[in-house]
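Novice:
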Amino acid sequence: MAQLTPGARLKLGILISGRGSNMQALIEAWREERISADIRLVLSNKAEAAGLGLAAAAGIATAVVPYRDYPDRAAFDAAVDAKLRAAGVDFLCLAGFMRLLTPGFIEAWRDRMINIHPSLLPAFPGLDTHRRALEAGVRLAGCTVHFVRFETDTGPIVAQAAVPVLPDDDEASLAARVLAAEHRIYPLALRLIAEGRVRVIGEKALVDAPAWAAGALVNPAD
Ligand code: GAR
Numbered sequence: 008m009a010q011l012t013p014g015a016r017l018k019l020g021i022l023i024s025g026r027g028s029n030m031q032a033l034i035e036a037w038r039e040e041r042i043s044a045d046i047r048l049v050l051s052n053k054a055e056a057a058g059l060g061l062a063a064a065a066g067i068a069t070a071v072v073p074y075r076d077y078p079d080r081a082a083f084d085a086a087v088d089a090k091l092r093a094a095g096v097d098f099l100c101l102a103g104f105m106r107l108l109t110p111g112f113i114e115a116w117r118d119r120m121i122n123i124h125p126s127l128l129p130a131f132p133g134l135d136t137h138r139r140a141l142e143a144g145v146r147l148a149g150c151t152v153h154f155v156r157f158e159t160d161t162g163p164i165v166a167q168a169a170v171p172v173l174p175d176d177d178e179a180s181l182a183a184r185v186l187a188a189e190h191r192i193y194p195l196a197l198r199l200i201a202e203g204r205v206r207v208i209g210e211k212a213l214v215d216a217p218a219w220a221a222g223a224l225v226n227p228a229d
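Under the working numbering, read the sequence shown as residues 8 to 229, first letter to last.
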């Protein structure tokens, strides 16, 4: 797999499983040249993922790797890895990719794979995030962009955004408010990485935030 070259444009792969709205936010940032990157491939484990159509409409190559075609997780991950390599991908964005990856895959892409999760990690990793946040009675919810480590929804944090939890919120209304924040911080985090402003030191990401990102790292203004 190609190594990252300082200053070179990232060659992105985006992994999705469904709607693809975060992928779309990354595509829009790329189209508007807010991110110094080329999107080489959008890959889904589900053929019916709506995001595949959005990517194709944007002129981006797509691939489907259905999990059921492979005997186990390692074989599935190897097939995904092979598609990414063939496309020349050197940096990966998980955007609603809902399959657990094997330790071997995660190690191969260490510090070159980020994920977005709809909570203020380390709170509420995993599924049913918004239901658990509402049950816990938290006053702030939010989202996190982080480098991927083996434990689900863990790894060095690049960016977070907080949103209020309102008294009459249900899962749908909270998810919608968080999703709007996701669409702001995912491109922002990727831009910081693409500009070489993020260094991963052990389990922390050190961000050399320029003025345009300083406020946004905590709670992006509209
Ligand atoms: C997003 O809310 C994303 O944060 C979440 O799935 C949704 C995908 O929506 N990811 C996770 O929960 C990962 N643990 P999208 O397909 O419209 O981007």
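Cβ atoms here follow ideal geometry from the backbone N, Cα and C, with glycine treated the same way.
No experiment lies behind these values; they were computed from the predicted model shown.
If you count every other CB in all the chains shown that lies within 10 Å of the CB of D215, and 16 or more means buried, which is it?
Specialist: As a position in the sequence shown, residue 215 is number 208, starting the count at 1. So D215 counts as exposed.
Novice: Does the structure place the stretch 33-47 close enough to the stretch 124-140 that three or more beta carbon pairs sit under 8 Å?
Specialist: With a cut-off of 8 Å, the stretch 33-47 and the stretch 124-140 do not count as touching, because too few Cβ pairs lie within range.
Novice: My output table needs one value for S24: the three-state DSSP class, helix, strand or coil.
Specialist: Taking the sequence shown and counting its residues from 1, the one referred to as residue 24 is at position 17. It is coil, neither helix nor strand.
Novice: Which value, in whole angstroms, describes the spacing of the CA atoms of A182 and G133?
Specialist: As a working mapping, residue 182 is identified with position 175 in the sequence shown. As a working mapping, residue 133 is identified with position 126 in the sequence shown. Computed Cα separation, rounded: 14 Å.
Novice: Spatial neighbours of A201 within its chain, please: C-beta separation below 7 Å, excluding the five flanking residues on both sides.
Specialist: On the sequence shown, position 194 is the one that residue 201 refers to. Only L17, I42, S43 and A44 meet the Cβ criterion.
Novice: Would you mind reading off the limits of the alpha helix (DSSP H) that contains F83?
Specialist: Sequence index remark: in the sequence shown, residue 83 carries index 76 (1-based). Element bounds for F83: R80 to A93.
Novice: Closest by CA to A143, which one among R26, E178, H153 and D118?
Specialist: Numbered from 1 along the sequence shown, position 136 holds the residue referred to as residue 143. For A143, the nearest C-alpha among the options comes from E178.
Novice: Got a sec, what are the start and stop residues for the beta strand (DSSP E) A62 sits in?
Specialist: Here residue 62 refers to the residue found at position 55 when the sequence shown is read from its first residue. Counting along the chain, A62 falls outside any beta strand (DSSP E), though it belongs to the alpha helix (DSSP H) covering A57 to A64.
Novice: With distances taken Cα to Cα, identify the nearest neighbour of A102 among L213, K211 and L197.
Specialist: Your numbering for residue 102 matches position 95 in the sequence shown. Per the Cα distances, L197.
Novice: Do you know offhand how far V87's Cα is from P174's?
Specialist: For this step, residue 87 is matched to residue 80 along the sequence shown. For this step, residue 174 is matched to residue 167 along the sequence shown. Taking the straight line joining both Cα atoms gives about 43 Å.
Novice: Mind checking who V152 pairs with in its DSSP beta bridge?
Specialist: Counting from 1 along the sequence shown, the entry for residue 152 is found at position 145. Paired residue(s): I123 and A166.
Novice: Anyone know if the C-beta pair for R119 and L99 falls short of 8 Å?
Specialist: For the purposes of this step, residue 119 is taken as residue 112 along the sequence shown, with counting starting at 1. For the purposes of this step, residue 99 is taken as residue 92 along the sequence shown, with counting starting at 1. In this structure, L99 lies closer than 8 Å to R119 by Cβ.
Novice: Let me check understanding here. Comparing Cα to Cα, which of D135, G149, D84 and G58 lies closest to W116?
Specialist: Here residue 116 corresponds to residue number 109 of the sequence shown, with the count starting at 1. Per the Cα distances, D84.
Novice: Could you check the C-alpha separation between D55 and I192 for me, to the nearest Å?
Specialist: Position 48 of the sequence shown, counted from the first residue, corresponds to residue 55. Position 185 of the sequence shown, counted from the first residue, corresponds to residue 192. Sequence check: residue 55 is Glu here, not Asp. The alpha-carbon atoms of E55 and I192 are separated by roughly 26 Å.
Novice: Report the residue from A218, S180, D176 and F154 whose alpha carbon sits nearest the alpha carbon of R206.
Specialist: Working through the sequence shown from its first residue, we reach residue 206 at position 199. Nearest option by C-alpha distance: F154.
Novice: Are the CB atoms of A188 and A168 nearer to each other than 8 Å?
Specialist: Position 181 of the sequence shown holds residue 188. Position 161 of the sequence shown holds residue 168. Cβ atoms of A188 and A168: closer than 8 Å.
Novice: Nearest to L141 by alpha carbon, out of G111, D176 and I113?
Specialist: Taking the first residue of the sequence shown as position 1, residue 141 is located at position 134. For the residues G111, D176 and I113, the minimum Cα distance to L141 belongs to D176.
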